[in-house]
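Following: one structure in structure tokens, then a few remarks.
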Amino acid sequence: MEIKRDKYIKDLINQRKNGFIKIITGIRRVGKSYILNRLFYKYLINDGIPNDHIIQIELDKRENKHLRDPDKLYEYILSNITDKDEYVVLLDEIQLVPEFEDILNSLLHYENLDIYVTGSNSKFLSSDIITEFRGRSREIHILPLSWSEFIEVYQGDPSMAWEEYYTYGGLPQVVLAASRKEKENILEELYELVYIKDIVDRYKIKNPENLSELISVLASGTGSLTNTEKIANTFTSIKKKKMSESTINRYINYLTDSFMIKEVKRYDLKGKKYIGALRKYYFEDTGLRNAKLGFMQTEVNHLMEAIVFNELRYRGYNARIGIIEMNYTNSKGSRAKKQLEVDFYATQHDSNFYIQCTLSLKDTEKRLQEERPFLLIKDSYKKMIIVEDNVIPHNDENGIFIVSIKDFLTKESFIEFF
Numbered sequence: 507m508e509i510k511r512d513k514y515i516k517d518l519i520n521q522r523k524n525g526f527i528k529i530i531t532g533i534r535r536v537g538k539s540y541i542l543n544r545l546f547y548k549y550l551i552n553d554g555i556p557n558d559h560i561i562q563i564e565l566d567k568r569e570n571k572h573l574r575d576p577d578k579l580y581e582y583i584l585s586n587i588t589d590k591d592e593y594v595v596l597l598d599e600i601q602l603v604p605e606f607e608d609i610l611n612s613l614l615h616y617e618n619l620d621i622y623v624t625g626s627n628s629k630f631l632s633s634d635i636i637t638e639f640r641g642r643s644r645e646i647h648i649l650p651l652s653w654s655e656f657i658e659v660y661q662g663d664p665s666m667a668w669e670e671y672y673t674y675g676g677l678p679q680v681v682l683a684a685s686r687k688e689k690e691n692i693l694e695e696l697y698e699l700v701y702i703k704d705i706v707d708r709y710k711i712k713n714p715e716n717l718s719e720l721i722s723v724l725a726s727g728t729g730s731l732t733n734t735e736k737i738a739n740t741f742t743s744i745k746k747k748k749m750s751e752s753t754i755n756r757y758i759n760y761l762t763d764s765f766m767i768k769e770v771k772r773y774d775l776k777g778k779k780y781i782g783a784l785r786k787y788y789f790e791d792t793g794l795r796n797a798k799l800g801f802m803q804t805e806v807n808h809l810m811e812a813i814v815f816n817e818l819r820y821r822g823y824n825a826r827i828g829i830i831e832m833n834y835t836n837s838k839g840s841r842a843k844k845q846l847e848v849d850f851y852a853t854q855h856d857s858n859f860y861i862q863c864t865l866s867l868k869d870t871e872k873r874l875q876e877e878r879p880f881l882l883i884k885d886s887y888k889k890m891i892i893v894e895d896n897v898i899p900h901n902d903e904n905g906i907f908i909v910s911i912k913d914f915l916t917k918e919s920f921i922e923f924f
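Residues in the sequence shown are numbered consecutively from 507, following this note's numbering.
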């Protein structure tokens with residue numbers, strides 16, 4: 507079954523012939539090679555690029571092993587350029603080539619080459635791209651299937667689609683698996699044998715069990731603020747293991763660099779600045795997060811929040827945690843202040859809005875809790891509460907837009923026009 511990834515094909519099309527190396531990143535098994543070698547290649551052919559002007563090399567194939575030699579690869583590419591017309595170079599798994607940075611930089615000197623590459627996470631991470639190709643590349647990051655992509659290929663019981671999505675995530679191989687047991691087996695194997703092994707091997711981690719424990723802590727705390735000092739103390743006092751705060755921060759950086767998790771900072775909505783050291787971390791794929799916890803902690807409210815965050819990224823938004831200060835009278839009758847949190851303050855160019863996520867607003871106290879931060883914000887940016895309940899999209903008496911999670915994920919126009 508062909509999974510359409512139209513958004514990413516459009517992203518690649520928009521980057522055509524711009525003079526930069528187009529680098530396709532993402533966690534393993536997210537579909538980078540599929541997008542480049544099948545979907546984008548098909549687009550190029552349909553767009554009129556002659557087949558002999560597309561230099562396509564899948565470097566992980568046995569028959570291309572000789573091209574992993576950097577000089578042979580370079581010579582092969584140049585030998586296929588026979589005129590001054592446009593050539594499109596598609597290099598899959600470029601990290602298998604030693605000195606690939608030098609090869610790519612050298613190819614940039616040929617003005618009739620349009621270059622696209624993919625690389626796996628073990629040796630080709632976001633930090634590598636920033637360091638090696640600063641000012642000479644454009645990164646196109648591939649996320650697991652969004653809800654709209656998922657629902658197009660989902661073949662199970664429609665009434666179970668949402669539960670399967672937040673439980674097993676959006677990795678294409680998992681989505682297409684026939685049974686829940688098969689999905690769980692794939693995710694558990696990918697987590698242990700691919701993702702974690704990549705990080706341990708790359709950074710030569712001597713105590714992988716500590717890394718595993720830390721990932722469990724982050725997975726259990728999805729949607730909660732993370733205090734690395736507190737985690738270090740917990741390791742010492744409860745887990746009876748010693749792991750310094752600096753080691754914890756370093757491991758977290760490894761996880762973010764490998765795209766397993768994404769950091770979200772707190773932002774002072776009144777002072778217009780980032781504040782404090784506390785962060786939230788959301789997993790790139792909810793299925794991987796749940797696999798780490800043995801599919802035992804599938805709290806829908808936290809998973810829904812993670813899915814909304816990744817959907818905002820998918821749509822090109824920058825999302826931060828919004829913080830607004832409230833004055834109140836405490837139990838002693840004195841004036842005091844406390845910080846209230848807005849789940850997401852999302853921005854993209856001139857589009858700014860606020861989001862709260864909750865399972866339901868049927869309880870009056872819960873509604874007040876979710877709306878309170880919005881009522882303290884004095885700007886005119888749009889405000890939205892996303893609920894798991896099926897509701898008719900509407901504005902309440904305070905002008906706050908209420909929408910169900912499925913409607914939000916399915917209809918992008920809700921962001922622009924609510």
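By construction, the Cβ of each residue, glycine as well, lies at the ideal position given by its N, Cα and C atoms.
Is it the case that the Cβ atoms of residue i and residue j are separated by a distance below 7 Å?
i              : j              : result
lysine 516     : threonine 624  : no
arginine 534   : serine 626     : yes
alanine 852    : arginine 795   : no
isoleucine 906 : lysine 889     : yes
leucine 865    : asparagine 807 : yes
leucine 649    : tyrosine 820   : yes
glutamate 645  : isoleucine 529 : yes
isoleucine 609 : isoleucine 527 : no
glutamate 592  : asparagine 618 : yes
arginine 511   : isoleucine 541 : yes
lysine 798     : isoleucine 702 : no
isoleucine 509 : valine 659     : yes
threonine 732  : tyrosine 787   : yes
valine 603     : proline 576    : yes
What residue range does the alpha helix (DSSP H) around residue i cover?
i              : result
glutamine 803  : That residue, glutamine 803, is in no alpha helix (DSSP H); it is neither H nor E in DSSP.
tyrosine 674   : 667-674
alanine 852    : Looking at the DSSP string, alanine 852 is not in any alpha helix (DSSP H); the run it does join, the beta strand (DSSP E), is 841-854.
isoleucine 705 : 702-709
arginine 873   : 870-882
glutamate 688  : 686-696
glutamine 679  : 678-681
proline 714    : 714-726
glutamate 607  : 606-613
serine 654     : 653-659
leucine 699    : Taken as a continuous stretch (DSSP letters only), leucine 699 belongs to no alpha helix (DSSP H), as it is neither H nor E.
leucine 550    : 547-552
Count the other CB atoms, across all protein chains shown, that sit within 10 Å of the CB of residue i; report buried if there are 16 or more and exposed otherwise.
i              : result
alanine 783    : exposed
alanine 842    : exposed
serine 764     : buried
asparagine 816 : buried
proline 664    : exposed
serine 643     : buried
aspartate 599  : Note that residue 599 is glutamate in the sequence shown, not aspartate. Its Cβ being crowded by 16 or more others within 10 Å, glutamate 599 is buried.
leucine 761    : buried
glutamine 661  : exposed
leucine 584    : exposed
leucine 565    : buried
methionine 766 : buried
methionine 666 : exposed
aspartate 553  : exposed
aspartate 791  : buried
isoleucine 754 : buried
leucine 699    : exposed
lysine 689     : buried
aspartate 704  : buried
tyrosine 834   : exposed
Among all the DSSP beta bridges, which residues are the ones paired with residue i?
i                 : result
isoleucine 767    : Phe789
phenylalanine 741 : Phenylalanine 741 is not bridged to any residue.
tyrosine 622      : Lys528 and Leu596
threonine 732     : Arg785
serine 857        : Gln854
glutamine 862     : Ile891
histidine 900     : Ile908
arginine 522      : Arginine 522 pairs with nothing; no bridge assigned.
lysine 567        : According to DSSP, lysine 567 bridges with nothing at all.
tyrosine 448      : Outside the shown range of the chain, which is 507 to 924, sits residue 448, and nothing can be said about it.
Need the endpoints of the beta strand (DSSP E) that residue i sits in, please.
i                 : result
aspartate 598     : 593-598
phenylalanine 907 : 907-910
glutamate 645     : 643-647
asparagine 586    : It is not in any beta strand (DSSP E) - asparagine 586 carries neither H nor E in the DSSP assignment.
arginine 826      : 824-835
valine 893        : 888-893
glutamine 930     : This structure cannot speak to residue 930, because the chain is shown only from 507 to 924.
Validate contact between the stretch 829-849 and the stretch 762-779 using beta carbons, cut 8 Å, 3 pairs
With a cut-off of 8 Å, the stretch 762-779 and the stretch 829-849 count as touching, because enough Cβ pairs lie within range.
Under 8 Å: do the stretch 583-599 and the stretch 552-569 share three or more Cβ pairs, one atom per stretch?
By the Cβ criterion, the stretch 583-599 is in contact with the stretch 552-569, since at least three pairs of Cβ atoms, one from each stretch, lie closer than 8 Å.
Count the C-beta pairs between the stretch 711-722 and the stretch 677-696 that are closer than 8 Å, then say yes if the count reaches three, no if not.
Segments in contact, no.
At a cut of 8 Å, does the stretch 887-901 reach the stretch 856-875 through at least three beta carbon pairs?
They touch, by the three-pair rule.
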